[in-house]
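**Q** Chains as they are written, first to last, in the working numbering: chain A, 1 to 315; chain B, 316 to 603.
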Amino acid sequence: MTRYLIRRLGLAVITLVLLSMVVFLVASVLPGSVGRAILGPFAEQQSVDNLNEELGLNGPVHIRYLRWAGDAFRGDFGESYKFRAPVMDFLPGAFVASLKLALATLVIVIPLGIIGGAIAAFRKGRPTDRIITIVGLTLAVTPEFVVGIVLILVFAVRLKWLPPGGSGDGTIGEQLKAIVLPALTLSAILFGYIARMARAGTINALAADYTRTATLKGLTWLQVMRRHVLRNAMLPTIAVIASQMSYLLGGLLVTETMFNYKGLGLLIAKAAEDRDVPMLMASVFVVGVFSMIMTLLADLLTAWLNPRVRLEGAE
Amino acid sequence: MTAVEIQTPGAKAVRREFWSQLLRSKTFIVGMAILAFWVLCVVFPDLVATHDPTAQDPLAKWVRPFNDGHLFGTDRFGRDVFSRAIYGAREILIVAPAATVLGTGLGVILGLTMGYLGGIVDDVVSRLIEALISLPVILVALLALTSLSAGRLTIIGVIGFLFAPLVARTVRAAVLEERNLEYVRAAELRSENAFYVMFIEILPNVFGPIIVEFTVRLGYAVFTMAGLAFIGFGSQPGSPDWGRTIFDERISLLSDVWWPSLVPALALASLVVAINLVADALEGVIDR
Chain A
1 MTRYLIRRLG LAVITLVLLS MVVFLVASVL PGSVGRAILG PFAEQQSVDN LNEELGLNGP
61 VHIRYLRWAG DAFRGDFGES YKFRAPVMDF LPGAFVASLK LALATLVIVI PLGIIGGAIA
121 AFRKGRPTDR IITIVGLTLA VTPEFVVGIV LILVFAVRLK WLPPGGSGDG TIGEQLKAIV
181 LPALTLSAIL FGYIARMARA GTINALAADY TRTATLKGLT WLQVMRRHVL RNAMLPTIAV
241 IASQMSYLLG GLLVTETMFN YKGLGLLIAK AAEDRDVPML MASVFVVGVF SMIMTLLADL
301 LTAWLNPRVR LEGAE
Chain B
316 MTAVEIQTPG AKAVRREFWS QLLRSKTFIV GMAILAFWVL CVVFPDLVAT HDPTAQDPLA
376 KWVRPFNDGH LFGTDRFGRD VFSRAIYGAR EILIVAPAAT VLGTGLGVIL GLTMGYLGGI
436 VDDVVSRLIE ALISLPVILV ALLALTSLSA GRLTIIGVIG FLFAPLVART VRAAVLEERN
496 LEYVRAAELR SENAFYVMFI EILPNVFGPI IVEFTVRLGY AVFTMAGLAF IGFGSQPGSP
556 DWGRTIFDER ISLLSDVWWP SLVPALALAS LVVAINLVAD ALEGVIDR
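1. Within the chosen definition, does the segment 430-447 of chain B reach the segment 502-522 of chain B through at least 3 CB pairs nearer than 8 Å?
2. Scan the segment 72-98 of chain A for residues whose Cβ lies nearer than 9 Å to a Cβ of chain B and list them as they occur along the chain.
3. Count Cβ pairs between the segment 554-563 of chain B and the segment 115-124 of chain A that sit closer than 8 Å; are there 3 or more?
4. Does the beta carbon of Ile401(B) come closer than 9 Å to any beta carbon on chain A?
5. Among residues of its own chain, excluding the 5 on either side of Ile203(A), which ones have a beta-carbon nearer than 7 Å to its beta-carbon?
6. Within 10 angstroms of the Cβ of Lys217(A), are there 16 or more other Cβ atoms? Answer buried if so, exposed if not.
7. Quick one: measure Cβ to Cβ for Ser283(A) and Leu91(A), integer angstroms, because I've assumed they're closer than 8 Å.
8. Would you verify that the beta carbon of Gly250(A) is, or is not, closer than 9 Å to some beta carbon of chain B?
9. Anything in the segment 541-556 of chain B with a Cβ closer than 8 Å to a Cβ of chain A? List those residues in chain order, please.
10. Quick one: which residues of the segment 156-167 of chain A get their C-beta closer than 7 Å to a C-beta of chain B? List them in chain order.
11. Can you name, in chain order, every residue of its own chain whose Cβ lies under 7 Å from the Cβ of Ile268(A), other than the five neighbours on each side?
12. Can you check whether the C-beta of Pro451(B) is within less than 9 Å of a C-beta belonging to chain A?
13. What residue from Arg391(B), Asp367(B) and Ala594(B) has the CA that sits closest to Asp571(B)'s CA?
14. Between which two residues does the alpha helix (DSSP H) holding Glu406(B) run?
15. Please report whether the beta-carbon of Val48(A) lies at a distance below 9 Å from any beta-carbon of chain B.
16. Taking 9 Å as the CB-CB cut-off, is Asn591(B) touching chain A?
17. Helix, strand or coil for Glu79(A) per DSSP?
18. Following the continuous alpha helix (DSSP H) through Leu234(A), name the residue where it begins and the one where it ends.
19. What's the call for Asn50(A), buried or exposed, on a 16-neighbour Cβ count within 10 Å?
20. Residues bridged to Pro86(A) by DSSP?
21. Does the CB of Tyr247(A) have a neighbour CB from chain B at under 9 Å?
22. Between which residues of its own chain and Val452(B) is the CB-CB distance below 7 Å, once the five residues before and five after are set aside?
23. Quick check: what's the CA-CA separation for Ser187(A) versus Lys177(A)?
24. At 8 Å on the CB atoms, spell out the chain B contacts of Ile149(A), in chain order.
25. At a CB distance below 8 Å, what residues from the segment 281-295 of chain A approach chain B? Give them in sequence order.
26. Along chain B, which residues have their Cβ under 8 Å away from the Cβ of Ile268(A)?
27. In chain order, what residues of the segment 186-200 of chain A put their CB closer than 9 Å to some CB of chain B?
28. Going along the chain, which residues of the segment 415-449 of chain B sit with their C-beta nearer than 9 Å to a C-beta in chain A?
29. For Arg275(A), would you say it is in contact with chain B, using Cβ-to-Cβ distances shorter than 9 Å as the test?
30. Could you give the C-beta distance for Gly250(A) and Leu421(B), rounded to a whole number, given that I count them as a contact under 8 Å?
31. For Pro111(A) and Ala351(B), I'd like the C-alpha separation in whole angstroms.
32. Shorter than 9 Å from the beta carbon of Leu235(A) to some beta carbon of chain B?
33. Compile a chain-ordered list of the residues in the segment 376-406 of chain B whose CB is closer than 8 Å to at least one CB of chain A.
34. Can at least three beta-carbon pairs, one atom from the segment 132-150 of chain A and one from the segment 215-234 of chain A, be found at a separation below 8 Å?
35. Along chain A, which residues have their Cβ under 9 Å away from the Cβ of Ala509(B)?
36. With a threshold of 16 other CB atoms inside 10 Å of the CB of His366(B), please say whether the residue is buried or exposed.
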C-alpha cells in the first residue's frame, strides 16, 4: 500500500505541474491583448502598451509562467482586473461554497445511485430495471439547465418549498434550503452513471461463486448482501464516481449560473464575461486541483477496498 | 509462393449484416428519427416553423401554449416559441458536428501514433492527456474563448482540440490490441513504413470503436456547446439558439411562464438523447 501511495502521489504532483502549464498556456499564449480588452477599442495604443507592461504581460512566455506558478505556489494568484483586488479575496469563499455544493450532491446521489443500481440488478430484465436504466441514462446526458428548469418550476414556483436561487448566506436552515435544488440538478447527471456501475457490479457479485458459498454456509440474506454482494459491487462504483468528478465540477459552471449560487462556477462565468484573466486562471486552476484531489481520494479508496491493490508488492 | 486464401465472409456480406442488425434495433430507429427531424429543421426550417422566429409582437406577449395560432405560445417579446425552437437547432447542429469531426480526426492521428509507436512519445502524451482530462472540457474551452474572439470557428477549433486527447485515448487502446496481430507483423515484415501500417493496415480495423467514440463525443459536443451558449459564449444575444434562449428566458420562469425556456430545453434534451440512443445502438452492434 505504501508503495502504491507514493507512486500515486508522485503522479499527482506531475499532473499538478502539467495542469498549471495547461491553464497558463491556454489563457496566456493565445493572441488577444489584455490591455486592449480592459481599456476598450477606443483607448490609445500607448496606454494599452503601458497597461500591458504594468500587468507584467510583456516578456517571454516561460518567464511569465514561472512567475505566475511561483506566486500561485505561495497562494498569490495576482490581482483581479475587474475588482482591482487580490484574487485570493474571492477564491476561498467561492471554493467553500462549491465544496459544500459538491458534497451535498455526492451525499444525495451516491446512496440513490447505489440503491437504484442494486434494485435494478435484483429486478434484472423486468420493467423496474428498464425504467431505472432508461431514466438514469436520459438524465445523464441531459444538460444541467434542462433539469434545473424543471426543478425550479416544480419546487420553487409551483410548490414554493425551496428558493429558486441564491446562496442562502443566512442561517444554516436557509443555506440548506438554497443548496437542495442545485445539488439535485447535479445529482441528475451523475445518477445514471453510478446506477449503471452499481447494477453491473451487483449482477456480477450475485452470480459469483463466493456469494453462493456465503449463502450455502448459512449466512442470512442481509449478511450476504452487506459483506459479499454490496462490498464487491462498490469497487467499480467508486471508480466511476471518480471518473465523473470532472463532469461534476464542469457542471458547477452551468448549475451555479442557473441558480445564482455564489461558488467557483459562478465566479468563473463572471470572470469569463468580464475577461478577468487572473481571476479566471486562478479559479479554473483551483477546479482542476479540486478534481485531481477527488480523483486521487477515490483511487486511494478503491485501492484500500481492493486487497489486490492494497497488498501489491507485499508478498 | 502461393497466397493462402482465407475463407471469410466478403466485406459486402459483413456490411449487410451490420446494417440489418442496426435497422432491427429500436433504439437506433428512434434515435435516427429524432435526429432526422432536427436535421430537417436545420436545412428547411421554414417548412416546419409556423412564424418568423424574430418577428416581435408587443401586443401578444406571453401568450399561453395552444392559443392564437401559437403552438407553444410566445415569449416576452411576443415571438413564437415553437418557431424559435425550430430555428434554434441550426447553430448547434452546425457547430457541434464540425467540432466533433475535427476532434475525431486529430484524435485518430494522435491515438494511432501513440498506440503504434509507443515509447517516450506515448508516455509524455499520456501524462499530458491525463492532466488535461482532470480539467472539465467546458472550463478549458471557456478559458480559451476568453483570450480569443468568441466566433463560430473559434468554438469549433477549441472544442475540436479539447476532444482530440479524449478520442486519442480510445483509439490508442484499440490500437494496442491490434498492433501485435499477425497482419500488422506481416506488413512490417514487408517493410512497409510506419505511416502505411498505421493508416492503411490498422486504421480500418479500429474503425468500429472510432465510430462509437465519434457519436458519443457528438453528444458531449452538443452538451458542452449548449452550456457555453447558456453562459453567453458562442451565440449572439437574441439569437434563437437553445442555450442562449434558455438563459434569456429563465427569469420569466419565476412568473410561472414556463414555455419560453422549457420548450427549447426539451428540444435540446431530445437532441442529446437521440444522439446517445444512436451511440448505444452502434456500440451494441459493433461490439458483437
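Ideal Cβ placement from N, Cα and C applies to all residues, glycine included.
The structure presented is a predicted model; accordingly, all values stated were derived computationally and were not measured.
**A** If we stick to the structure as given:
1. Using a Cβ-Cβ distance cut-off of 8 Å, the segment 430-447 of chain B and the segment 502-522 of chain B are in contact, since at least three pairs of beta carbons, one from each stretch, lie closer than that value.
2. Cβ proximity to chain B below 9 Å picks out nothing from the segment 72-98 of chain A.
3. No contact exists between the segment 554-563 of chain B and the segment 115-124 of chain A.
4. Ile401(B) does not count as touching chain A.
5. Within its own chain, the residues whose Cβ lies closer than 7 Å to the Cβ of Ile203(A), once the five positions on either side in sequence are excluded, are Ala121 and Lys124, listed in chain order.
6. With fewer than 16 other Cβ atoms inside 10 Å of its own Cβ, Lys217(A) counts as exposed.
7. 7 Å between Cβ atoms; contact.
8. Cβ-Cβ to chain B under 9 Å: yes for Gly250(A).
9. Flagged, chain order: Ala541, Gly542, Phe545, Ile546, Gly547 and Phe548.
10. So the list reads Val157 and Pro164, given in the order they occur along the chain.
11. Cβ within range, chain order: Leu253, Leu280, Ser283 and Val284.
12. Taking Cβ atoms only, chain A reaches closer than 9 Å to Pro451(B), which makes this a yes.
13. Measuring from the Cα of Asp571(B), the nearest candidate turns out to be Arg391(B).
14. Per DSSP, Glu406(B) belongs to the alpha helix (DSSP H) from Ala404 to Leu432.
15. No, Val48(A) does not count as interfacial toward chain B.
16. Cβ-Cβ to chain A under 9 Å: yes for Asn591(B).
17. Here DSSP, grouped into helix, strand and coil, assigns Glu79(A) to strand.
18. The sequence shown places Met at residue 234(A), not Leu. Where Met234(A) is concerned, the enclosing alpha helix (DSSP H) stretches over Arg231 to Ser243.
19. That one is exposed.
20. Looking at the DSSP output, Pro86(A) sits in a beta bridge with Glu79(A).
21. Interface residue, yes.
22. Around Val452(B): Leu477 and Thr539.
23. Whole-angstrom Cα-Cα distance: 16 Å.
24. For Ile149(A), the chain B residues whose C-beta falls within less than 8 Å of its own C-beta are Ile561, Arg565, Leu568, Trp573, Ser576, Leu577 and Ala580, listed in chain order.
25. Identification of residues in the segment 281-295 of chain A having a C-beta nearer than 8 Å to some C-beta of chain B yields Met281, Val284, Val287, Gly288, Ser291, Met292 and Thr295, given in sequence order.
26. In chain order: Leu454 and Leu457.
27. For the segment 186-200 of chain A, which is checked against every Cβ of chain B, not one residue is closer than 9 Å.
28. Listed in sequence order: Arg442, Leu443, Glu445, Ala446, Leu447, Ile448 and Ser449.
29. With its beta carbon less than 9 Å from one in chain B, Arg275(A) belongs to the interface.
30. 21 Å between Cβ atoms; not a contact.
31. Spanning the two alpha carbons is a distance of roughly 38 Å.
32. So, not an interface residue.
33. For the segment 376-406 of chain B, the set of positions with a beta-carbon nearer than 8 Å to some beta-carbon of chain A is empty.
34. With the cut-off at 8 Å, the segment 132-150 of chain A and the segment 215-234 of chain A do not touch.
35. Against chain A, a Cβ distance below 9 Å from Ala509(B) picks out nothing, because the smallest value is about 27 Å.
36. When all chains shown are included, His366(B) counts as buried.
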